[in-house]
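A quick write-up on the structure given underneath.
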Amino acid sequence: MDAISLPDADAVIARARLGDPVALEALYRAYATPVYNLSRRICRTTEDAEDILQETFFEVCRSIRNYRGDGSIWGWIRSVASSKALMRLRRNKYRDTDELNDDFAPTRAATPGLRMDLESALARLSETARAVVWLHDVEGYTHEEIAGQMGKTVSFSKSQLARAHTRLRSWLGEESLA
Amino acid sequence: MITHLSMEQLVALRDGDRSEPGHAEAHRHFAGCSRCQVELDRLHQRTARLRALPTLVPAGNEFPAVRQRIAVERRQRNWRTAATVGIAAAATLVFAIIGRDIVHPTRLDAEQQLQSAMSTSQQLEHQLHAWNSDQRVVDGRTAMVVIQLENQIADLDAQLVAAATLQRTARIEHELKLWRQRVGLMNALVDVHLTNASSVGL
Numbered sequence: 003m004d005a006i007s008l009p010d011a012d013a014v015i016a017r018a019r020l021g022d023p024v025a026l027e028a029l030y031r032a033y034a035t036p037v038y039n040l041s042r043r044i045c046r047t048t049e050d051a052e053d054i055l056q057e058t059f060f061e062v063c064r065s066i067r068n069y070r071g072d073g074s075i076w077g078w079i080r081s082v083a084s085s086k087a088l089m090r091l092r093r094n095k096y097r098d099t100d101e102l103n104d105d106f107a108p109t110r111a112a113t114p115g116l117r118m119d120l121e122s123a124l125a126r127l128s129e130t131a132r133a134v135v136w137l138h139d140v141e142g143y144t145h146e147e148i149a150g151q152m153g154k155t156v157s158f159s160k161s162q163l164a165r166a167h168t169r170l171r172s173w174l175g176e177e178s179l180a
Numbered sequence: 024m025i026t027h028l029s030m031e032q033l034v035a036l037r038d039g040d041r042s043e044p045g046h047a048e049a050h051r052h053f054a055g056c057s058r059c060q061v062e063l064d065r066l067h068q069r070t071a072r073l074r075a076l077p078t079l080v081p082a083g084n085e086f087p088a089v090r091q092r093i094a095v096e097r098r099q100r101n102w103r104t105a106a107t108v109g110i111a112a113a114a115t116l117v118f119a120i121i122g123r124d125i126v127h128p129t130r131l132d133a134e135q136q137l138q139s140a141m142s143t144s145q146q147l148e149h150q151l152h153a154w155n156s157d158q159r160v161v162d163g164r165t166a167m168v169v170i171q172l173e174n175q176i177a178d179l180d181a182q183l184v185a186a187a188t189l190q191r192t193a194r195i196e197h198e199l200k201l202w203r204q205r206v207g208l209m210n211a212l213v214d215v216h217l218t219n220a221s222s223v224g225l
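Chains as they are written, first to last, in my numbering: chain Z, 3 to 180; chain V, 24 to 225.
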């Protein structure tokens with residue numbers, strides 16, 4: 003998801019910085035899907051992901067003047083989106099469902115034919131663990147960046163990632179293959 | 024008893040993270056342990072599968088809602104700017120009138136001065152009402168100043184009611200004094216609201 007092409011990006015960004023609605027919409031059209039994907043992978047519901055999509059582009063439209071072009075425009079928009087998504091997690095205070103499901107998940111995973119697919123296993127992780135897995139392993143954020151965005155320590159991010167992989171391995175039935 | 028690598032150590036190996044304690048020892052173990060090598064391979068595969076998950080696409084276009092929010096915010100900002108300019112203009116007018124009265128006290132007779140002060144006070148009150156000051160969030164300190172000023176204005180209003188019983192000449196002089204004080208307090212109240220608006224960037 004690193005190289006998202008926006009035709010004539012520099013000109014579009016320059017016009018967007020002046021508040022040109024056509025340019026702002028062009029940014030939305032170019033990046034709405036990756037922003038939604040990121041939000042949906044981190045948050046539990048489509049409603050949350052749609053809200054984050056809207057929040058993110060509202061913020062992008064308001065703050066595009068502050069974008070100095072130091073990094074890629076996608077990198078900047080993605081940081082806005084991940085920040086909004088993590089803020090949403092904190093606000094919703096979701097329950098850590100993987101803690102609740104630990105007891106039966108390994109049994110289920112160990113039974114042939116009842117192994118979870120990766121989508122279901124990912125969805126079963128706690129909000130925090132899933133956010134760390136997605137941001138680190140898929141989006142390529144460092145533990146330092148994740149810790150900064152979450153207001154936690156680097157160790158917290160590392161341990162969340164390791165715990166998440168331990169659970170995914172178990173739920174995907176990979177333990178029995180060892 | 025063989026101790027295999029923990030998931031945290033495997034992830035550190037995958038990411039080339041050398042900051043983990045026992046990194047060298049973990050490397051040595053890994054080089055000779057086929058089970059940990061399989062685990063690392065699985066970790067790589069799992070990560071690759073995560074990255075290969077299908078991209079989720081939004082069902083609808085959220086941009087019209089974004090555009091509407093921007094338009095609403097822009098209208099509110101313009102309104103605030105207009106209100107700020109209006110209050111500033113009223114404050115300037117008051118300053119000009121009071122200043123003129125101070126510099127040229129004999130230009131108007133007492134009754135005209137009284138009318139002028141009453142009119143100015145009403146204009147300021149109208150501006151404050153238009154600014155909708157009661158509905159605005161102010162900090163605690165500002166709120167205290169506002170309350171004090173409003174209390175003093177209420178005291179003056181009570182004195183103005185009482186002044187109605189005085190004889191005409193004495194009444195006009197007394198009322199003029201009270202209305203000038205009232206204009207001063209109203210002016211201060213406008214200043215407090217204006218300063219608060221500036222400090223929060225409206």
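Every residue gets a Cβ at the ideal spot worked out from N, C-alpha and C, and that includes glycine.
Query: Rank A164(Z), S81(Z), V140(Z), R93(Z) by C-alpha distance to the C-alpha of G150(Z) and give the top, closest one.; Result: S81(Z)
Query: Measuring only the C-alpha atoms, how far is R72(V) from E141(Z)?; Result: 13 Å
Query: Any idea if N94(Z) is buried or exposed, counting beta-carbon neighbours within 10 angstroms, 16 or more meaning buried?; Result: exposed
Query: Give me the chain V residues within the contact set of C45(Z), using Cβ-Cβ distance strictly less than 7 Å, ordered along the chain.; Result: Near C45(Z) there are no residues of chain V at all, since even the closest Cβ is about 11 Å away, more than 7 Å.
Query: Return the residues of the stretch 45-69 of chain Z that lie within a Cβ-Cβ distance of less than 8 Å from chain V, sorted by chain order.; Result: T48, A51, E52, L55, Q56, F59, F60, C63, R64
Query: Quick one: what does DSSP say H67(V) is sitting in, helix, strand or coil?; Result: helix
Query: Is there at least one Cβ from chain V nearer than 7 Å to A241(Z)'s Cβ?; Result: Lying outside 3 to 180, the shown extent of chain Z, residue 241(Z) is not represented and no answer is given.
Query: Have a look at Q135(V) and L116(V) and give me their C-alpha separation to the nearest angstrom.; Result: 17 Å
Query: Taking C-beta to C-beta, are R43(Z) and W136(Z) nearer than 7 Å?; Result: yes
Query: Which residue's Cα is closest to the Cα of D139(Z): T143(V), T104(V), R69(V), L28(V)?; Result: R69(V)
Query: For a contact defined as C-beta to C-beta under 7 Å, what are the partners of L66(V) on chain Z?; Result: H167
Query: In chain order, what residues of the same chain lie with their CB nearer than 6 Å to the CB of E27(Z), ignoring the 5 residues before and after it?; Result: none
Query: Going by C-alpha to C-alpha distance, which of C45(Z), A18(Z), I79(Z), T35(Z) sits closest to G83(V)?; Result: T35(Z)
Query: Contact between the stretch 39-54 of chain V and the stretch 162-172 of chain Z: three or more CB pairs below 8 Å?; Result: no
Query: Beta carbon of L40(Z), beta carbon of A83(Z): below 7 Å?; Result: yes
Query: What are the boundary residues of the alpha helix (DSSP H) that includes I15(Z)?; Result: 11-19
Query: Looking at chain V, is there any beta carbon in it that lies within less than 7 Å of the beta carbon of Y30(Z)?; Result: yes
Query: If you draw a straight line from the C-alpha of T188(V) to the C-alpha of R194(V), how long is it?; Result: 8 Å
Query: So K86(Z) contacts chain V; which residues on that side make the cut at Cβ distance below 9 Å?; Result: Those within 9 Å of K86(Z) in chain V number zero; the least Cβ separation is about 13 Å.
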